[in-house]
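Take the sequence shown: its letter number 151 is residue 151 in the UniProt record's numbering, and every next letter is one higher. From the three backbone atoms N, C-alpha and C, an ideal C-beta is built for every residue, glycine too. These figures come from a predicted structure and were not determined experimentally.
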Amino acid sequence: MVSKSTSKKTAVKKSVAKKAVKVATPRKQAKGLGRGLGALLGEDVAIAQVIRGDSLSESVLSPGHDKAQGTAAVEEKSNTTNTLKLNQLKAGKYQPRTHMEQEKLEELADSIAREGIMQPILVRLIAGEVEQYEIIAGERRFRAAKIAGLTEVPVLIRDVSDEQAAVMALIENMQREDLNPLEEAKGIDRLIKEFDFTHEQVAESIGRSRSYTSNLLRLLNLSEPVQSLLVSSQIDMGHARALLTLPAAEQILIANQVVAKQLSVRETERLVKLFSMQDKQQAKTADNKERSRDVVRIEEALSDYLGTKVAIKVNAKQKGQLLIDFHDWEQLNALLEKQGLAGVIDN
């Protein structure tokens with residue numbers, strides 16, 4: 001925690017109160033994300049422009065919403081920046097980030113103490129509660145402001161639906177490159193399950209390709225220990241995608257080797273391929289052993305019935321030979337008679 005004296009807290013509060021709220025110039029967006037935010041807002045803008053009050057378009061509404069409902073749902077309560085006390089704000093229920101590093105929060109708190117909050121926090125009124133607001137975008141700033149000793153922060157209040165809040169929170173974090181791949185996947189999965197978005201609608205809303213979205217969702221099939229390694233950045237998305245082809249136990253085994261030996265994605269892919277080949281060979285061997293036991297049982301049954309040695313040979317294509325031993329013509333005739341074939345031979 002960043003310790004602050006009472007006088008410093010007072011100075012910080014006065015500093016924030018005096019500063020005009022600045023909208024920080026966004027970093028260059030990741031490729032495609034502008035298109036997603038354009039689907040959300042009707043134009044190609046960064047989240048800094050979202051909080052300035054640009055209106056949302058109906059293109060991100062879930063199926064079943066009409067244009068009139070969408071327009072009413074996104075009317076702004078205010079086009080200007082407001083100030084709210086920290087105890088009036090609550091963390092957003094659609095916040096996709098599950099992990100925030102304390103060290104980085106403290107660095108942000110130091111910056112806020114020096115410069116104030118450069119970009120207001122985007123919030124919406126919580127239905128049924130008096131003067132309580134849910135954070136849509138800006139939870140890191142909210143947490144850092146607490147650490148810095150602030151009691152109030154600049155906000156922009158918007159009236160948006162649940163699905164719009166969820167999409168906005170996801171895009172805001174993706175544009176800042178704050179999310180790890182698994183957090184992105186969980187955010188996308190939530191849009192699909194809670195708001196009935198199709199994969200295509202999600203991809204369009206967040207400005208990603210359909211294939212990228214599908215690959216992200218596949219990460220949710222990783223075993224829990226491997227997911228933890230991905231969240232902690234001990235492996236990256238390339239490693240994770242290679243591991244997806246393996247059963248859970250082998251995912252964990254190879255993931256631990258990747259971390260211990262610092263294997264590249266290419267090396268991981270080769271290792272996964274080797275394990276897969278071994279698995280197939282072991283399965284084939286086990287199948288052959290089972291088939292061999294069946295053949296032995298048939299051989300023994302025929303030998304007992306015919307009173308002589310019987311051998312069955314089967315090739316890889318499941319074709320084979322039935323070999324019956326006899327010592328002389330007399331034994332052969334006896335075998336034929338036992339099968340009712342003696343008369344056929346005589347004719």
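Where does residue i land, buried or exposed, given buried means 16+ other C-beta within 10 angstroms?
i	result
Gln318	exposed
Tyr133	buried
Ser205	buried
Asn315	exposed
Ala249	exposed
Ala127	exposed
Leu105	buried
Val153	buried
His327	exposed
Glu337	exposed
Glu139	buried
Gly207	buried
Leu322	exposed
Arg158	buried
Gln262	exposed
Ser62	Confidence at Ser62 is low in this model, with a pLDDT of 36, below 50, so its placement is unreliable and no value can be given for it.
Thr213	buried
How many Å lie between residue i and residue j at the Cα?
i	j	result
Asn221	Phe142	33 Å
Ala165	Leu274	45 Å
Leu302	Met277	37 Å
Thr151	Leu84	9 Å
Arg266	Ala260	16 Å
Ala203	Leu244	22 Å
Arg297	Gln339	20 Å
Glu299	Trp329	22 Å
Val226	Gly149	38 Å
Ile254	Ser209	29 Å
Glu103	Ile112	14 Å
Ser193	Leu217	The question names Ser, but residue 193 is Lys in the sequence shown. Their backbone Cα atoms lie some 12 Å apart in a straight line.
Ala137	Gln119	10 Å
Asp162	Ala185	18 Å
Pro247	Ser223	9 Å
Leu86	Glu129	15 Å
Tyr305	Arg293	19 Å
His199	Ile171	16 Å
Thr81	Phe197	32 Å
residue 352	Asn215	Outside the modelled stretch of the chain, which goes from 1 to 347, sits residue 352, for which no answer is possible.
Lys309	Leu341	19 Å
Gly116	Met100	20 Å
Met237	Gln257	16 Å
Leu335	Asp325	10 Å
Asn333	Gly307	13 Å
Gln251	Leu229	11 Å
Ala311	Gly320	10 Å
Asp90	Phe195	Position check: residue 90 holds Lys in this sequence, whereas Asp was assumed. Taking the straight line joining both Cα atoms gives about 22 Å.
Does the distance from the C-beta atom of residue i to that of residue j stay below 7 Å?
i	j	result
Ala169	Gln88	no
Val160	Arg190	no
Arg155	Ile121	One point to set straight first is that residue 155 is Val, not Arg, in the sequence displayed. Result yes, Cβ atoms of Val155 and Ile121 sit closer than 7 Å.
Ile135	Gly187	no
Leu219	Leu182	yes
Leu108	Ala144	yes
Thr268	Ala240	no
Asn173	Arg114	no
Per DSSP, what kind of secondary structure is residue i in: helix, strand or coil?
i	result
Pro154	strand
Gly180	It is Asn, not Gly, that sits at residue 180 in the sequence shown. Three-state result, Asn180: coil.
Gln234	coil
Lys317	coil
Leu246	coil
Lys338	helix
Asp304	helix
Glu101	coil
Ser161	coil
Phe197	coil
Glu330	helix
Gln95	coil
Glu224	helix
Met118	coil
Gln257	helix
Arg293	helix
Arg210	helix
Gln262	coil
Glu269	helix
Glu129	coil
Which residues does DSSP pair with residue i in a beta bridge?
i	result
Glu134	Lys90 and Arg124
Ala311	Leu323
Leu84	Val153
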